[in-house]
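A quick write-up on the structure given underneath.
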Amino acid sequence: MLLSEFTADLEARDEAGNTPLLAACFQGNFECVKFLLQSAVSLQAANENGDSALHLAAWDGSISCVIILLNYGADPMATNRFGLTALSNMKTRSPMRHKFDDMPEDHPMRRTLVILEEAERHRLQVNEWHFEGTLKLYL
290 MLLSEFTADL EARDEAGNTP LLAACFQGNF ECVKFLLQSA VSLQAANENG
340 DSALHLAAWD GSISCVIILL NYGADPMATN RFGLTALSNM KTRSPMRHKF
390 DDMPEDHPMR RTLVILEEAE RHRLQVNEWH FEGTLKLYL
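The sequence shown begins at 290 in our numbering and counts up one residue at a time.
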């Protein structure tokens, strides 16, 4: 992959404070997110708004990115500078927020909401999230 071949700074930031992981999550680029996580980039990074990778992946329902971030230990209770978790940010600020109730249950946005609601409600340690929408948890 080009980023590793040229020893790019995988923690570099753009003018808005986004790292490559944050940008990949915002774009819903699962393969890039997976590569960056396997390269051990920081899950603690946040942009100028305080948005984490999980905030940005959830923004437009990038469910595969949300799942892999949770697998790698992203904190669903982390808040941005507005005091919003990824779930509350999605519910109050996403351009799609007014359409959630009209979406079919298998829509990626609805599935992302359900996953984040479960993660927040139970505050459980996530062991393994499956792409079919089920999860394995341990206490």
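Quick reminder that beta carbons are idealized off the backbone N, C-alpha and C, glycines included.
Cβ neighbours of residue i in the same chain (closer than 7 angstroms, five flanking residues each side left out)
| i | result |
| --- | --- |
| H419 | Because the pLDDT of H419 is 48, which lies under 50, any placement of that residue in the model is unreliable, and the question is left without a value. |
| R302 | T308 |
Own chain residues within Cβ distance below 8 angstroms of residue i, not counting five before or after
| i | result |
| --- | --- |
| G339 | T368, N369, R370, F371 |
| P393 | R399 |
| L358 | C314, V322, L326, L332, A342, L343, A346 |
Length of the line joining the Cα atoms of residue i and residue j
| i | j | result |
| --- | --- | --- |
| A363 | L332 | 6 angstroms |
| E300 | D391 | 38 angstroms |
| V403 | A329 | 27 angstroms |
| T401 | R386 | 12 angstroms |
| T381 | L311 | 20 angstroms |
| E409 | A375 | 10 angstroms |
Nearest candidate by alpha-carbon position, reference residue i, set the options
| i | options | result |
| --- | --- | --- |
| I352 | P397, A301, V403, L405 | P397 |
| A265 | A305, T296, E304, C354 | A question about residue 265 goes unanswered here, because the residues of the chain that appear run from 290 up to 428. |
| N378 | A347, N360, I356 | A347 |
| N360 | A335, K323, A334, T296 | K323 |
| F389 | E337, G350, E304, C321 | G350 |
| A297 | G306, L325, S383, P384 | L325 |
| M366 | E304, A305, L311, L405 | L405 |
| E337 | S383, G306, L376 | G306 |
Cβ distance (whole Å) where residue i is taken to contact residue j below 8 angstroms
| i | j | result |
| --- | --- | --- |
| F319 | L345 | At roughly 13 angstroms, the Cβ-Cβ gap does not stay under 8 angstroms, so F319 and L345 are not in contact. |
Other residues of its chain near residue i: CB distance less than 6 angstroms, five sequence neighbours each side excluded
| i | result |
| --- | --- |
| L373 | none |
Q | alpha helix (DSSP H) runs wholly inside the stretch 337-379, at least 4 long, in chain order | A | 342-348, 352-360
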